[in-house]
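Since the structure comes first, as structure tokens, the remarks are kept for the end.
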Amino acid sequence: MKLISKNNVDTKLILSKHGISRTKFRSDLLSLFYIERSLTVEGILHYFKNTIDKVTVYRSLESFEIRGLIHKVPDSKNLKRYSLCVEQECSIDSHNHNHGHFICHTCNQTFCMQDVNLPRIKSKGFYIQELKLIAEGYCQDCYTK
Ligand SMILES: [Zn+2]
Ligand SMILES: [Zn+2]
Ligand SMILES: [Zn+2]
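Given below as structure tokens:
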């Protein structure tokens, strides 16, 4: 299978930069992230027509996440779903996100809203580690259909 990404990104170079061992599957998987906005394990297995086993998919996603390539995003059915991180923002063990997410009611796709910054909130007696902001509605493609 040959995946041609929109931006013609050199996925092998990106994998190397992030210290991830390059395999054909990982390179193809990363390409897929540049095509789709977000992906679930089920979606990935479907895309590769079950030529790859679940464990390999889980392991690859895990190493992508640890190495700062992808981050978990909310999913309409509470499945594990991931999107690409913005380059330069994240690195090994250090994700640095400050954006909200959007779930579309029609295509069930999850989008990163890079232009929506999360507010800094404080509450007495609570140490807040993470704040999530999830908006729902219709994405541009679905809204205009
Ligand atoms: Zn990240
Ligand atoms: Zn949509
Ligand atoms: Zn995001």
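Each residue of the sequence shown is one higher than the last, beginning at 205 in our numbering. Glycine is no exception: its CB is placed at the ideal position from the N, C-alpha and C atoms.
With DSSP collapsed to three states, give me the class of residue i.
i: K336; result: coil
i: L217; result: helix
i: S267; result: helix
i: M205; result: Residue placement at M205 is poorly supported in this model, since its pLDDT is 45, which falls under 50; the coordinates are not used for a value here.
i: G223; result: coil
i: S235; result: helix
i: Q344; result: helix
Any heavy atom of ligand 2 closer than 6 Å to the Cβ of residue i?
i: T348; result: no
i: C316; result: no
i: T244; result: no
i: C294; result: no
Indicate, with yes or no, if ligand 4 has a heavy atom lying under 6 Å from the CB of residue i.
i: C289; result: Ligand 4 is absent from the structure shown, which contains only ligand 1, ligand 2 and ligand 3.
Confirm, please, whether the CB-CB distance from residue j to residue i is below 7 Å.
i: L322; j: N300; result: no
i: N264; j: R230; result: Before going further, note that residue 264 is Ser rather than Asn in the sequence given. A contact, by the Cβ cut-off of 7 Å.
i: S287; j: C311; result: no
i: C289; j: G272; result: yes
i: L234; j: T215; result: yes
With hydrogens ignored, establish whether the beta-carbon of residue i is closer than 6 Å to any heavy atom of ligand 3.
i: V320; result: no
i: V213; result: no
Taking 6 Å as the line, does the beta carbon of residue i fall inside it for any heavy atom of ligand 1?
i: H299; result: yes
i: C311; result: no
i: H305; result: no
i: H275; result: yes
Please name the residue or residues paired with residue i in a DSSP beta bridge.
i: K276; result: Y286
i: C308; result: G341
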